[in-house]
Amino acid sequence: MHRPFVDREDLNQALETLKNGGLILYPTDTIWGIGCDATNSEAIEKVFALKGRDKSKSMLILLHSDNQLASYVREIPEVAYQLIESYDRPLTIVYSGAKNLAENAIAEDGSIGIRIVSHPFCQQLLQRFKKPIISTSANLSGQPSAQTFDQIDELIKEKVDYIVKFGQDEDSLGTPSIIMKLDPSGKFEFLRK
């Protein structure tokens, strides 16, 4: 399969920004997102402030492999791995018992939404960063999600610390992921299909 070329300089800039607690604007396997280090509470505060988002609304994180789940979730039901394998569309699973993340990344009930990405830029960024990255849609709270780079509000482009070059010229519309809540017992329900 042809893998799109990821520019090393673009990747390094995004990586440095994350390491320094900055915000990046980046393409994901769904839509463009605002991202930061999911273990850095100050960086996450900047995301809430930029979006004008209610702090009671939780964020979701991206990982590059399901092998990493155990580092951030206390109990992973076996069915989680089967669900991740069986979906050909991006799938965000909300797990209870989040751990090793900034407190303000975790929902009030202790849960965290996690998506394992297959996007070429995200995968390489996550592998090199070695920590989860916050992903929230690149829009101001209450506004519709931007499905292409051109639809992103100028205010967001001005306020992030680095804008990833990869994928800016793609005009195919991204779609948000399926969201499912998974109980430690293995019971699950769809929050968004």
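Counting in the UniProt record's numbering, the sequence shown runs from 1 upward without gaps.
From the three backbone atoms N, C-alpha and C, an ideal C-beta is built for every residue, glycine too.
This one's a predicted model, so the numbers in the text were calculated from it and none came from an experiment.
By DSSP, does serine 137 sit in helix, in strand, or in coil? In the sequence shown, residue 137 corresponds to position 137, counting from 1. Strand at serine 137.
Rounded to a whole number of angstroms, what is the C-alpha to C-alpha distance between asparagine 104 and glutamate 9? Within the sequence shown, numbered from 1, the residue matching residue 104 stands at position 104. Within the sequence shown, numbered from 1, the residue matching residue 9 stands at position 9. When rounded, the distance between both Cα atoms is 31 Å.
Of all the alpha helix (DSSP H) runs that stay within the bounds of the region 145 to 187, which reach a length of 4 or more residues? Complete alpha helix (DSSP H) runs here, min 4: 154 to 159.
Within 8 Å, do at least three Cβ pairs link the region 18 to 30 to the region 67 to 76? No, because fewer than three Cβ pairs between the region 67 to 76 and the region 18 to 30 fall closer than 8 Å, the two stretches do not touch.
Closest by C-alpha distance to aspartate 88, when choosing among Asp109, Glu78 and Ser118: As a working note, residue 88 is residue 88 in the sequence shown. Residue Ser118 is the option with its Cα nearest to aspartate 88.
Decide yes or no for the touch test of the region 146 to 154 against the region 28 to 37: beta carbon pairs closer than 8 Å, at least 3 of them. By the Cβ test, the region 146 to 154 is in contact with the region 28 to 37, since at least three Cβ pairs between them sit closer than 8 Å.
Would tyrosine 162 and threonine 39 qualify as a contact pair, given that the criterion is a beta-carbon distance under 9 Å? Translated into positions along the sequence shown, residue 162 becomes position 162. Translated into positions along the sequence shown, residue 39 becomes position 39. Not in contact: tyrosine 162 and threonine 39 (Cβ atoms no closer than 9 Å).
Give the DSSP-derived three-state secondary structure of tyrosine 26 in the structure shown. If you number the sequence shown from 1, residue 26 lands on position 26. Looking at tyrosine 26 - three-state DSSP - the assignment turns out to be strand.
Endpoints, beta strand (DSSP E) assigned at threonine 17: Position 17 of the sequence shown, counting from 1, holds the residue named residue 17. Run containing threonine 17: none in the beta strand (DSSP E); it sits in the alpha helix (DSSP H), 8 to 19.
Runs of 4 residues minimum, wholly inside the region 80 to 106: which ones carry the alpha helix (DSSP H) assignment? Unbroken alpha helix (DSSP H) stretches of 4 residues or longer found wholly inside the region 80 to 106: none.
How big is the Cα-Cα spacing for alanine 98 and isoleucine 84? Counted from its first residue, the sequence shown places residue 98 at position 98. Counted from its first residue, the sequence shown places residue 84 at position 84. Cα-Cα distance, rounded: 18 Å.
For serine 96, which of Ser185, Arg192 and Phe190 has the nearest alpha-carbon? Residue 96 sits at position 96 when you count from the first residue of the sequence shown. Ranked by Cα distance from serine 96, the options Ser185, Arg192 and Phe190 are led by Ser185.
To the nearest angstrom, how far is it from the Cα of phenylalanine 48 to the Cα of lysine 193? The residue given as residue 48 occupies position 48 in the sequence shown. The residue given as residue 193 occupies position 193 in the sequence shown. In a straight line, the C-alpha of phenylalanine 48 is about 25 Å away from that of lysine 193.
What is the rounded straight-line gap between the Cα of threonine 136 and the Cα of glycine 174? On the sequence shown, residue 136 is found 136 positions in, with the first residue counted as 1. On the sequence shown, residue 174 is found 174 positions in, with the first residue counted as 1. Distance between the alpha carbons of threonine 136 and glycine 174 is about 14 Å.
Grouping DSSP H, G and I as helix and E and B as strand, with all else coil, what is phenylalanine 190? On the sequence shown, position 190 is the one that residue 190 refers to. DSSP places phenylalanine 190 in strand when its eight states are reduced to three.
Using the beta-carbon count (16 or more within 10 Å), is serine 65 buried or exposed? In the sequence shown, the residue the question calls residue 65 occupies position 65. So serine 65 counts as exposed.
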